[in-house]
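The block underneath contains the structure these notes are about, expressed in structure tokens.
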Amino acid sequence: MNKFYITTPIYYATAKPHIGHAFATIYADVIARYKKLKKNETFFTVGTDEHGINIEEKAIKAKKLPRDYVDEINSFYKKTWQELYIDYDDFIRTTEERHKKGVEKFINKLIKSKDVYKQKYEGLYCSSCEKFLTEKDLVNGLCPDHLKAPQKLTEENYFFNLKKYLPEIRKKIIKNELRIRPEARRKETLKMIDSGLADFSISREKVKWGIGYPGDKTQTVYVWVEALMNYVTILDFPDGEKFKKFWPANLHIIGVEINKFHTIFWPALLLAIGESLPKEIFIHGLFTVNGQKMSKTIGNIIDPMTLIEKFGSDAVRYLLLSQFPASEHGDIKEELFIKKYNANLANGIGNLFERIFTLAINYKQKSGKNCDDEIKKFQEKTEFVYKEKMENYLLYEALNEVFFFVKKLDQYIDFNKPWVLFKEKNPKAEKVLETLLFGAEKIIVWLSPFMPIKMEQAKKYLLNLNNQKEKLNLFPRL
Ligand SMILES: [Zn+2]
């Protein structure tokens, strides 16, 4: 059995999850479910990133202890993932003891590798970004993401010798040993490497809410550095059975804003301690709402829970993934959701299943073995393309294929008018109905990683057609 270890980014526990977080997490969930259907031994992880000054500041503002603050945010994440049927195998919080232990072991290995040195550093720091900015990054003297002035900081930090590992990382990317998709993002990574990157600090001074730097009480491990380590600490790095079995990761799903950290910094840290690199990193594009970056100031943050109340969980999974190809940047227009829901779910699959199942109930047909050649050929082509898209993590594209097939079956019904064929006792009637049942079964299988609960419902209904008293009504019209 093939193992497949897939991760989402762990999200910064400063606020409730928004649809950007939901998008990446649903994305990974669909891939994990697909791999499970293909009988891979799958391990799928999620988590929350809970340390750092930013969180300390937020907690003070909310008149809470950092611990209570992150507990609350964490519970929002867990609740949202539960509502969205995210079938993860493990959820890591960076405030857990197991994470702390793993990070200490990782840092100790880095210290042993002699790729870490102490140096005074002066720079402009944005605590909301939790990173140092250069003058070039600022717009009118402000952090462009948070619209606030960065602080001037002088501190002594431990630095990691990134430069030493850049040529090797470059080589591995070129040879696809470290695969980065889509191609545009891979080019960006190579460009960053070629532009020359400075060594980065892996510790901070005067940060209380964090993991102590081994052997130096004045320092804590830099929050984003220890956050990256979640991918191994969740497997009980370095000696755990899970680590031996599942590392290296087969796939990290991330967003474009953390590209550099995952495609360059993380591999460099792993190379320094002699561990294998993740096999592949898939980077989804930027996510805007009505043309603007989601932000509290603009007030365009969409809470997935609000969408779930309106459309139901499976529909939200579908609506988010079917907006635009993940490999591109895309814009969410909430007002388009209802149109798409009615067109593709209520009047699309929902209505198609209704038509087929009603015919099957009326004319006592249970399964679809005897399929029309025309539909069989179309189905084979759909299956081929669907599989190829799924294997390449192109979920938007895979969904499109399934919906072409949905349309095709609808046309097939309109053209053949099976209710007329049955009335006229035409010998073709049964074959037409069997063809439709065959098609419906395929759609259920293809869509089950995307809409697991609805497809399970449809499957159960189909298996027990003779005893159905009510209509399936999978996606009520809104
Ligand atoms: Zn900032």
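When we follow numbering that gives the first Met the number 0, the leftmost residue of the sequence shown carries the number 0, and every step to the right adds one.
Ideal Cβ placement from N, Cα and C applies to all residues, glycine included.
Keep in mind the model is a prediction, meaning the values are calculated, not measured.
Inset, instruction - May I have all residues whose beta carbon comes closer than 5 Å to any heavy atom of ligand 1, sorted in chain order? - result: 125, 127, 128, 142, 144, 145
Legend entry - Status (buried if at least 16 other CB within 10 Å, exposed otherwise) for residue 358: buried
Inset, instruction - Go ahead and label residue 150 buried or exposed: buried means 16 or more other beta carbons lie within 10 angstroms of its beta carbon, across all protein chains shown. - result: exposed
Legend entry - Beta-carbon proximity check, residue 461 vs residue 439, cutoff 8 Å: yes
Legend entry - The alpha helix (DSSP H) enclosing residue 437, as first and last residue numbers: 428-446
Inset, instruction - Compute the distance between the beta-carbons of residue 38 and residue 3, then report whether it is under 8 Å. - result: no
Inset, instruction - Give the straight-line distance between the Cα atoms of residue 268 and residue 87, rounded to the nearest whole angstrom. - result: 26 Å
Legend entry - Backbone CA spacing between residue 277 and residue 410 [nearest angstrom]: 45 Å
Inset, instruction - Can you give me the Cβ contacts of residue 434 inside the same chain, cut-off strictly under 6 Å, excluding the 5 residues immediately before and after it? - result: 370, 371, 374
Legend entry - Assigned secondary structure, residue 70 (DSSP; H/G/I helix, E/B strand, else coil): Here residue 70 sits in helix by DSSP.
Inset, instruction - Report yes or no: do the region 210-217 and the region 310-328 share at least 3 C-beta pairs separated by less than 8 Å? - result: no
Inset, instruction - Would you kindly check if the distance between the Cβ of residue 443 and the Cβ of residue 401 is under 8 Å? - result: no
Legend entry - Helix, strand or coil at residue 239 according to DSSP, with G and I counted as helix: coil
Legend entry - Per-residue burial, residue 326 [other beta carbons within 10 Å of its own, 16 or more giving buried]: buried
Legend entry - residue 512: first and last residue of the uninterrupted beta strand (DSSP E) it sits in: Here the chain has residues from 0 to 477 only, and residue 512 is not among them.
Inset, instruction - Using beta-carbon positions only, say whether residue 46 and residue 90 come within less than 8 Å of one another. - result: yes
Inset, instruction - Just the C-alpha distance for residue 61 and residue 67, rounded to the nearest angstrom, thanks. - result: 10 Å
Inset, instruction - Locate the alpha helix (DSSP H) running through residue 150, then write down its first and last residues. - result: Annotation for residue 150: no alpha helix (DSSP H) segment contains it, though the beta strand (DSSP E) segment containing it runs 150-159.
Legend entry - Reduced DSSP category for residue 123 - H, G, I as helix; E, B as strand; rest coil: strand
Inset, instruction - Express the C-alpha separation of residue 350 and residue 406 in angstroms, rounding to a whole number. - result: When rounded, the separation of the alpha-carbon atoms in residue 406 and residue 350 is 11 Å.
Inset, instruction - Please state if the CB of residue 282 and the CB of residue 498 are separated by a distance shorter than 8 Å. - result: This structure does not reach residue 498, given that the chain is present from 0 up to 477, and the question cannot be answered.
Inset, instruction - Determine the closest residue to residue 352 out of 172, 404, 399, 336, with distance taken between C-alpha atoms. - result: 404
Inset, instruction - Answer yes if the region 195-209 comes into contact with the region 290-310, meaning at least three C-beta pairs across the two stretches below 8 Å, and no otherwise. - result: no
Legend entry - Straight-line Cα distance separating residue 255 from residue 80: For the pair residue 80 and residue 255, the Cα-to-Cα distance works out to about 22 Å.
Legend entry - Coil, strand or helix - residue 452 by DSSP: helix
Legend entry - Alpha-carbon spacing of residue 495 relative to residue 376, whole angstroms: Nothing can be reported for residue 495: it is not among the residues displayed for the chain, which extend from 0 to 477.
Inset, instruction - Check whether the Cβ atoms of residue 313 and residue 106 lie closer than 8 Å to each other. - result: no
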